[in-house]
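Participant:
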Amino acid sequence: MDLEVESRVVCPYCGAVFTTVVDTSSGTFSTIEDCEICCRPIALSVHCHYGEIESVELDR
Numbered sequence: 018m019d020l021e022v023e024s025r026v027v028c029p030y031c032g033a034v035f036t037t038v039v040d041t042s043s044g045t046f047s048t049i050e051d052c053e054i055c056c057r058p059i060a061l062s063v064h065c066h067y068g069e070i071e072s073v074e075l076d077r
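In our numbering, the protein residues as written are 18 to 77.
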C-alpha cells in the first residue's frame with residue numbers, strides 16, 4: 018500500500034487547482050503549503066484513516 022497519495026486542492030485565494038502529496042500514515046495533521054500560482058500560504062487540515070484520505074480542509 019502506498020502511504021503517499023496525491024490530492025488535488027483548490028486555492029482559497031486565487032481558485033487555482035494544484036496537486037499536493039499527503040502522507041496517509043500521519044493520521045490527522047495540519048500543515049501550511051504555498052499555492053503554486055499565487056504563492057499565498059494555505060492551511061491544510063488532513064484527516065486520514067487506515068491509509069486513506071477521509072478529508073482535506075483548506076483555510077486562508
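For glycine and all other residues, C-beta sits at the position ideal for the given N, C-alpha and C. Predicted, not measured: the structure shown is a model, and the values here were computed from it.
Give a yes or no on whether the C-beta atoms belonging to I59 and C28 are separated by under 8 Å.
Facilitator: Residue 59 sits at position 42 when you count from the first residue of the sequence shown. Residue 28 sits at position 11 when you count from the first residue of the sequence shown. The answer is yes: Cβ separation under 8 Å.
Participant: How close, in whole Å, do the beta carbons of V22 and T48 come, if the pair is a contact with beta carbons under 8 Å?
Facilitator: By one-based count along the sequence shown, residue 22 stands at place 5. By one-based count along the sequence shown, residue 48 stands at place 31. Wrong, their Cβ atoms sit about 14 Å apart, outside the cutoff.
Participant: In whole angstroms, what separates the C-alpha of H66 from that of V38?
Facilitator: As a position in the sequence shown, residue 66 is number 49, starting the count at 1. As a position in the sequence shown, residue 38 is number 21, starting the count at 1. Roughly 16 Å between the two C-alpha positions.
Participant: Leaving aside the five residues before and after R57 along the sequence, list all residues of the same chain whose C-beta is less than 6 Å from its C-beta, in chain order.
Facilitator: One-based indexing of the sequence shown puts residue 57 at position 40. Only Y30 meet the Cβ criterion.
Participant: Find the nearest neighbour of T45 within the set E69, R77, D76 and D19, judged by alpha-carbon distance.
Facilitator: Counting from 1 along the sequence shown, the entry for residue 45 is found at position 28. When only C-alpha atoms are compared, the closest one is E69.
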